[in-house]
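Chains as they are written, first to last, in the working numbering: chain D, 2 to 94; chain A, 9 to 239. Virtual Cβ for every residue (Gly too), placed ideally from N, Cα, C. Down below is the structure, laid out as C-alpha cells.
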C-alpha cells in the first residue's frame, strides 16, 4: 500500500500545482509541440516554410480528442486484461 | 515531443531516418525471435506497448502553461531492451502521425530517434547501473523512467536546435530556446511517469513475477527480497 500512497501524493501535488497556476495566470495550455513552431518562426525570422503538410488532419478539436481517447482506451484495455487475467489465474477456481 | 510534419528541413529529416532505421530493423529482428521462442512473454509485450499508447495520448497541462505528454517507453525499455522499445514507439508515432496530425511522416525518423531510441537507451542504462549499484528496485525503475522521459525531450530540443541554429549564438542558443519549452514543461510529467511505472512494476511482480526473472530484469534473489519487503 505504501507505494500507492506515495504515487497518490505525487499526483495530488501535481493537481494542486495545476490548479494554482491555472487560477493565477492566464496560461493557454496549448501544446508544447505547437510552441516549438513559434520558436522556429523567431529563429528564422518567419521565413521557414514547412517542407510537407500532414496528409490528413482531424477535422475538429473534438474529433482529435476522440482519437486521443481511443488511443488511451486501447492501451487501458490491454493492460486491464493482462492484470485481470493473471490475477484471476492465481486464485483457485 | 513530436516534431510537426514538415518542420525539419533536409538534410536533417533524412539523417534521422538513416540513424533510426538500423535500430528499427534490429528491433524487428529481436521481436521475431521473441515471438518464435518465448511466446509466454507476449502478453507482457502487449502491456509494454499498451502503456506507451496510454501515456503518449495523455496531454497533461504543466507548470509553464503548456501541455505535453509522457512517453511511457521506460517500461518497455527495462523489460525488453531499447531495440524492441523502438519498434513499439514507432507504432504509436505512426498512429499519431496518420490519424492525429501529431508528428508527421517526414519527421518520423527524428521522432522515433528521440522517443523510441534515445529515451529507452537512457532508461536501460540507468536501470542497469542502478541495479549494479544495489539500489532498491523501485527507486531504480523510478529514476530510469523519469530520466528517460526527460532525455526524450532534451533530444527533441537538440534535433530542432541542429536544424534551426540561431543567427546569433548558433546551435546552443536555439537549444536553450527549445529546451525551455520542452524540457521544463516535462519535469513534472517525468516525475509522474516514473511514479506510475513503479506501480505497474509492483503489480507485475504481484501477478506474474516469474517473467521478470526470465527477462533478466531481476535475479531470483532480488525478486525474493522485494516480495519479502512488500508482504
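Under 8 Å by beta carbon: chain D residues contacting residue 114(A) | 52 and 53
Let me know if residue 10(D) comes out buried or exposed under the rule of 16 or more other beta-carbons within 10 Å of its beta-carbon.
-> exposed
Complete runs of the alpha helix (DSSP H) confined to the stretch 23-76 of chain D [at least 4 residues] = 33-45
For residue 30(A): DSSP bridge partner residues = According to DSSP, residue 30(A) bridges with nothing at all.
C-alpha distance - residue 162(A) paired with residue 67(A), whole-angstrom precision | 18 Å
Under the assumption that residue 142(A) contacts residue 92(A) (Cβ atoms under 8 Å), give the Cβ distance between them as a whole number of angstroms.
-> Incorrect: roughly 27 Å between the Cβ atoms, too far for contact.
Have a look at 41(A), 79(A) and 19(A) and flag the residue whose alpha-carbon is nearest the alpha-carbon of residue 57(A).
-> 79(A)
Note the first and the last residue of the continuous beta strand (DSSP E) segment covering residue 76(A).
-> 74-76
Using a C-beta to C-beta distance shorter than 8 Å, which residues of chain D count as neighbours of residue 207(A)?
-> 4, 5 and 8
Using a Cβ-Cβ distance under 8 Å, would residue 31(D) count as near chain A?
-> yes
Please check if any C-beta of chain A sits within less than 8 Å of the C-beta of residue 17(D).
-> no
Would you say residue 63(D) faces chain A, with C-beta separation under 8 Å as the test?
-> no
Can you give me the start and stop residues for the alpha helix (DSSP H) that residue 136(A) sits inside?
-> 127-140
Chain D contact for residue 182(A) (CB, 8 Å cutoff) | yes
Whose C-alpha, out of 61(D), 81(D), 47(D) and 70(D), is nearest the C-alpha of residue 175(A)?
-> 47(D)
In angstroms with no decimal places, state the Cα-to-Cα distance between residue 200(A) and residue 37(D).
-> 23 Å
Kindly indicate the opening and closing residues of the alpha helix (DSSP H) around residue 157(A).
-> 145-171
Alpha carbon to alpha carbon, how far is residue 193(A) from residue 222(A)?
-> 37 Å
Starting from residue 174(A), follow its DSSP beta bridges and name the residues at the other end.
-> 178(A)
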